[in-house]
Amino acid sequence: MTRLLLALLLLLPLPATAAEWNHYTNVRFGYGIDVPPGFVPQGEADNGDGKVFRTPTATLTVFGGNVTAADFESEVVQRQRDAEQDKWAITYQVSTPQKASWSGKRGARILYARMIALCAGTQFGSFALDYSSADRQTFDAVVDRLVASLRPAGGSC
Numbered sequence: 064m065t066r067l068l069l070a071l072l073l074l075l076p077l078p079a080t081a082a083e084w085n086h087y088t089n090v091r092f093g094y095g096i097d098v099p100p101g102f103v104p105q106g107e108a109d110n111g112d113g114k115v116f117r118t119p120t121a122t123l124t125v126f127g128g129n130v131t132a133a134d135f136e137s138e139v140v141q142r143q144r145d146a147e148q149d150k151w152a153i154t155y156q157v158s159t160p161q162k163a164s165w166s167g168k169r170g171a172r173i174l175y176a177r178m179i180a181l182c183a184g185t186q187f188g189s190f191a192l193d194y195s196s197a198d199r200q201t202f203d204a205v206v207d208r209l210v211a212s213l214r215p216a217g218g219s220c
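The sequence shown begins at 64 in my numbering and counts up by one.
As structure tokens, this is what we get:
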């Protein structure tokens, strides 16, 4: 009887929240990312480099660009410096020639940023998630999925 009940429970549909992640693809720079449920799109940037998604307590900025520094890794360093100039205290960072992540704190806010190299390191795709430190436990799993889903999406180099 227990096995039958368990089998029936497994056949029930998942809650709607499990399926509410959407996917955003940026054609201009050729990257894509999954967007969490509850994040409302604010419209594509005028130059087509990305999109901002918001909830009442968090902002997800997804964007791509051309590497203007000497190489991808130098671009990452410059982006981290920009965050520090915006008063983010960088508390974690890791990078390779193909990807980088960093996070920081500013008051009661947390920033998590991720960049991936595109087009042999001449372009990048990225996201920055800004959220309340009170929501950290909730957003840990969100960050994990964002990191895993930020991928090249067949852009033209």
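Ideal Cβ placement from N, Cα and C applies to all residues, glycine included.
Note that the structure is a prediction, hence the values are computed from the model and not measured.
Would you check if there are 3 or more beta carbon pairs closer than 8 Å linking the region 199-213 to the region 164-179?
The region 199-213 vs the region 164-179: in contact.
Is it the case that the region 158-173 contacts the region 94-113, given that we only count it when at least three CB pairs across the two stretches are under 8 Å?
The region 94-113 makes no contact with the region 158-173; the number of CB pairs closer than 8 Å stays below 3.
Leaving out five residues on either side along the sequence, give the residues of the same chain with a beta carbon under 8 Å from the beta carbon of residue 220.
Within the sequence shown, the letter at position 157 stands for residue 220. Once the five neighbours on either side are set aside, the close Cβ partners of residue 220 are 93, 181, 182, 183, 185, 186.
Residue ranges of each alpha helix (DSSP H) within the region 89-163, 4 or longer:
Runs found: 135-148.
Using the rule of at least 16 other Cβ atoms within 10 Å of the residue's Cβ for burial, across every protein chain shown, is residue 127 buried or exposed?
Sequence index remark: in the sequence shown, residue 127 carries index 64 (1-based). By the 10 Å Cβ count, residue 127 comes out buried.
Give me the residue from 95, 91, 125, 145 with the minimum Cα distance to residue 104.
Working through the sequence shown from its first residue, we reach residue 104 at position 41. Considering only 95, 91, 125, 145, the residue with the shortest C-alpha distance to residue 104 is 125.
Ignore the nearest five residues each way along the sequence and tell me which others in residue 87's own chain have a CB closer than 7 Å to its CB.
Residue numbering aside, residue 87 sits at position 24 when the sequence shown is read from its first letter. Exclusion of the five residues before and after residue 87 leaves 95, 96, 98, 114, 125 as the residues of its chain whose Cβ lies within less than 7 Å of its Cβ.
State buried or exposed for residue 144, treating a residue as buried only when at least 16 other CB atoms are found within 10 Å of its CB.
Start at 1 with the first residue of the sequence shown, and residue 144 comes out as number 81. So residue 144 ends up on the exposed side.
Assigned secondary structure, residue 173 (DSSP; H/G/I helix, E/B strand, else coil):
Position 110 of the sequence shown holds residue 173. In the three-state reduction of the DSSP assignment, residue 173 falls in the strand class, which pools E and B.
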